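Numbered according to numbering that gives the first Met the number 0, the sequence shown spans residues 0 to 441.
Here's the structure we're looking at; comments come further down.
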Amino acid sequence: MFLFIMTDELLILNASQLVTLKGAARPRVGAEMRDLAILENSAVLIRDGLIVATGATSEVAAQAASQCQTLDAANRVVMPGFVDAHTHAVFAGTREDEYEMRAAGFTYQEIAARGGGIRSTVRKTRAASAAELFDMALPRVRWLLEHGTTTIEAKSGYGLTLDDELKILRVIQSLNRDTPLELVPTFLGAHEIPDEYRRSDDAGQARTAYIDLVISEMLPRVANEHLAEFCDVFCEAHVFNVQESRRILKAAKELGFGLRFHADQLSLGGGSQLAAELQATTADHIEWIDEAGIAALQRAKVIAVLLPGAVFNLGLTKYAPARRLIEAGVGVALATDFNPGSSPTPSMQMALSIACTQMQMTPAEALTAATINAAYSLNRGARLGSLESGKQADVVIFDCADYRQIPYFFGINHALTVIKKGRVVVTQKSLGEKPIENCYTR
Ligand code: NIG
Ligand code: FE
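Put into structure tokens, the structure is as follows:
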């Protein structure tokens with residue numbers, strides 16, 4: 000369905016800033032997050048999908064084959080593609096009705112308690128076939144790529160039956176195979192207690208039965224079919240409490256899943272401590288984390304995935320304490336939380352803008368969090384997230400001469416040309432080159 004221009008070599012030259020993020024082969028912490036290893040007036044040479052050289056344009060150009068395709072990035076920033084480490088991008092239906100209700104003063108939790116929220120999307124997602132879900136996801140894949148995102152983590156969690164969870168994970172697998180976007184699958188069967196397991200007369204037996212179903216049927220099946228790399232749980236007082244989350248996550252860990260989960264999002268509930276205890280790969284959201292939780296994440300080397308878009312969109316004011324996390328030496332990643340309820344945006348650029356203005360992250364820290372640290376949080380730091388020889392050529396050309404303008408001019412899309420595995424997958428007519436066929440044109 001997607002065709003690409005096949006080119007053995009691609010040379011991007013004259014970039015005013017080549018933001019390489021070259022550095023230690025691990026998540027960047029503390030002051031390292033402010034070091035983007037920028038090369039000025041530089042070039043990157045791509046061969047067979049991999050980066051083979053970066054450096055001064057004249058030196059790199061000398062290594063290129065005579066017929067290699069070139070892209071002139073004069074007055075432009077060239078960076079690694081964004082890695083969005085937390086999304087719920089496969090869903091049916093939209094929830095603009097709830098958006099309007101929140102404007103009228105209802106909270107996210109109040110809407111959920113009335114049967115809206117996640118359960119509303121679950122009802123619509125259950126009703127959709129795999130083919131329909133795939134088709135619904137295609138325009139979102141296009142949005143993501145057009146905004147400079149080349150890899151996402153994608154969760155299930157809007158099925159909440161064995162078959163519907165498998166359906167979503169298979170759609171994620173198909174999107175990864177059939178579109179230029181790279182998707183890393185996460186199983187989120189414990190996203191919410193589904194409607195049919197909510198009876199008020201049985202003192203919690205029904206909810207325990209649902210948790211048993213997740214542990215004894217869903218997790219083993221997802222593991223057997225290799226449909227997810229990670230397991231997530233919505234660990235929150237009104238959803239799955241710490242004891243319930245621990246049960247599910249321990250079972251997942253025993254089956255070989257990595258752990259990344261929603262922790263301390265809407266209240267301080269011990270989720271961050273649990274992430275440290277279980278040596279999770281990431282703890283996500285953590286708006287309500289306390290000093291003990293920050294210290295626990297640092298000691299256990301858990302990466303904090305911050306999602307300021309959800310705070311912003313829910314009209315809340317309590318953002319994750321990014322400055323304290325960075326000062327404490329926790330590796331910080333940024334993600335969109337793209338979903339139809341709390342954060343309906345595919346734009347990492349928007350996440351950067353909110354991170355800089357509301358969490359006081361510097362633009363450099365935000366870029367590190369959105370690329371190399373996010374790549375490490377998905378166990379892909381050795382292949383993605385920086386522009387270094389030997390790495391996969393996931394590269395974006397931005398229409399500005401200074402990387403700080405990416406968050407500074409907010410609400411617009413700065414991405415001009417997007418390259419995935421060495422192939423141009425998004426381009427713009429006004430770039431000056433002949434339009435490239437069979438790729439998205441902005
Ligand atoms: O990250 N917190 C749980 N899950 C999502 C919201 C999903 C939804 O509202 O549909 C989140 O905010
Ligand atoms: Fe989420």
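Think of the CB as a built atom: it goes at the ideal place given N, C-alpha and C, for glycine as much as any other residue.
Quick caveat, the model's predicted, so the values are computed rather than measured.
Following a CB-centred definition, is residue 336 positioned closer than 6 angstroms to any heavy atom of ligand 2? Within 6 angstroms of the C-beta of residue 336 there is at least one heavy atom belonging to ligand 2.
Residues in its own chain within less than 6 angstroms of residue 13 by CB, not counting five upstream and five downstream? Once the five neighbours on either side are set aside, the close Cβ partners of residue 13 are 56, 71, 72 and 73.
Between residue 300 and residue 275, what straight-line distance do the alpha-carbon atoms span, to the nearest angstrom? Distance between the alpha carbons of residue 300 and residue 275 is about 8 angstroms.
If we ignore side chains and look at the alpha-carbon of each, how far apart do residue 182 and residue 393 end up? Going by the C-alpha atoms only, they are around 14 angstroms apart.
Taking Cβ positions, are residue 357 and residue 307 nearer each other than 7 angstroms? Contact check for residue 357 against residue 307 passes: the beta carbons are separated by less than 7 angstroms.
When you compare only the Cα positions, how much space is there between residue 15 and residue 40? So the two alpha carbons sit approximately 5 angstroms from each other.
Could you tell me the distance, in whole angstroms, from the CA atom of residue 261 to the CA atom of residue 270? Each residue's Cα considered, the two are about 8 angstroms apart.
Check whether the segment 97-112 touches the segment 134-144, taking contact to mean three or more Cβ pairs, one atom from each stretch, closer than 8 angstroms. In short, these stretches do not touch, since the Cβ pair count stays below three.
Quickly, what does DSSP pair residue 152 with across the bridge? List them, please. Residue pairing for residue 152: DSSP places it in a beta bridge opposite 183.
Consider the C-beta atom of residue 266 and the heavy atoms of ligand 1; say whether any pair is separated by less than 6 angstroms. Not under cutoff, so the answer is no.
Whose C-beta lies closer than 8 angstroms to the C-beta of residue 62 among residues of the same chain, with five residues either side of it excluded? Beyond the five residues adjoining it in sequence on each side, residue 62 comes within less than 8 angstroms, by CB distance, of 44, 51 and 52 in the same chain, given in chain order.
Measure the alpha-carbon distance for residue 48 versus residue 390 and round it to whole angstroms. Spanning the two alpha carbons is a distance of roughly 9 angstroms.
With DSSP as the reference, label residue 192 as helix, strand or coil. Coil.
Measure the alpha-carbon distance for residue 18 versus residue 38 and round it to whole angstroms. Their Cα atoms are separated by approximately 7 angstroms.
Count the other C-beta atoms from every protein chain shown that fall within 10 angstroms of the C-beta of residue 408, then say buried if there are 16 or more, exposed otherwise. Classification for residue 408: exposed.
From residue 5 to residue 438, what does the alpha carbon distance come to, in whole angstroms? Legend: pLDDT at residue 5 = 49, less than 50; position of this residue unreliable, value from coordinates given subsequently. So the two alpha carbons sit approximately 12 angstroms from each other.
Starting from residue 257 and walking both ways along the beta strand (DSSP E), at which residues does that stretch end? Unbroken beta strand (DSSP E) run through residue 257: 257-262.
Where the beta strand (DSSP E) through residue 46 begins and ends: It spans 37-46 - the beta strand (DSSP E) in which residue 46 sits, taken as one unbroken run.
Taking the beta carbon of residue 154 as the centre, do at least 16 other beta carbons fall within 10 Å, making it buried, or is it exposed? Counting the other CB atoms within 10 Å of its CB gives residue 154 a total of 16 or more, which places it among the buried residues.
Residue 402, DSSP secondary structure in three states: Three-state result, residue 402: coil.
I need the DSSP call for residue 162, collapsed to helix, strand or coil. In the three-state scheme derived from DSSP, where H, G and I count as helix and E and B as strand, residue 162 is classed as helix.
Apart from the five residues just before and just after residue 368, which ones in its own chain have a Cβ nearer than 8 angstroms to its Cβ? Taken in chain order, the residues that qualify are 32, 305, 331, 332, 333, 354 and 360.
With DSSP run on the structure shown, which of helix, strand or coil describes residue 3? At residue 3, the pLDDT of 49 sits below 50, so the modelled position is not reliable and the matter cannot be decided from this model.
Who are the Cβ neighbours of residue 146 in its own chain at under 7 angstroms, not counting the five residues just before and after it? Close CB contacts of residue 146 within its chain, under the 7 angstroms cut and outside five residues either way in sequence, are with 345, 346, 347, 348, 412 and 414 (chain order).
What are the uninterrupted segments assigned as beta strand (DSSP E) that are 3 or more residues long and contained completely in the segment 319-407, given in chain order? Counting whole runs of 3 or more residues, the segment 319-407 contains the beta strand (DSSP E) stretches 331-333 and 394-397.
With contact counted as at least three CB pairs below 8 angstroms, one residue from each stretch, are the segment 228-244 and the segment 193-202 in contact? No, they do not touch.
What span of residues does the alpha helix (DSSP H) with residue 8 cover, start to end? Unbroken run through residue 8 is the beta strand (DSSP E), 8-18; no alpha helix (DSSP H).
Heavy atom of ligand 1 within 6 angstroms of residue 80 beta-carbon: Answer for residue 80: no, Cβ out of range of ligand 1.
With a floor of 3 residues, list each beta strand (DSSP E) that falls wholly inside the segment 206-270, ordered by position along the chain. Whole beta strand (DSSP E) segments, 3+ residues: 229-234 and 257-262.
Taking residue 65 as the reference, which of 268, 94, 381 and 8 has the closest Cα? Closest in C-alpha terms to residue 65, from the list 268, 94, 381 and 8, comes 8.
Using a Cβ-Cβ cut-off of 6 angstroms (strictly less than) and excluding sequence neighbours within five positions of residue 380, which residues of its own chain qualify? Excluding positions up to five away in sequence, the list reads 374.
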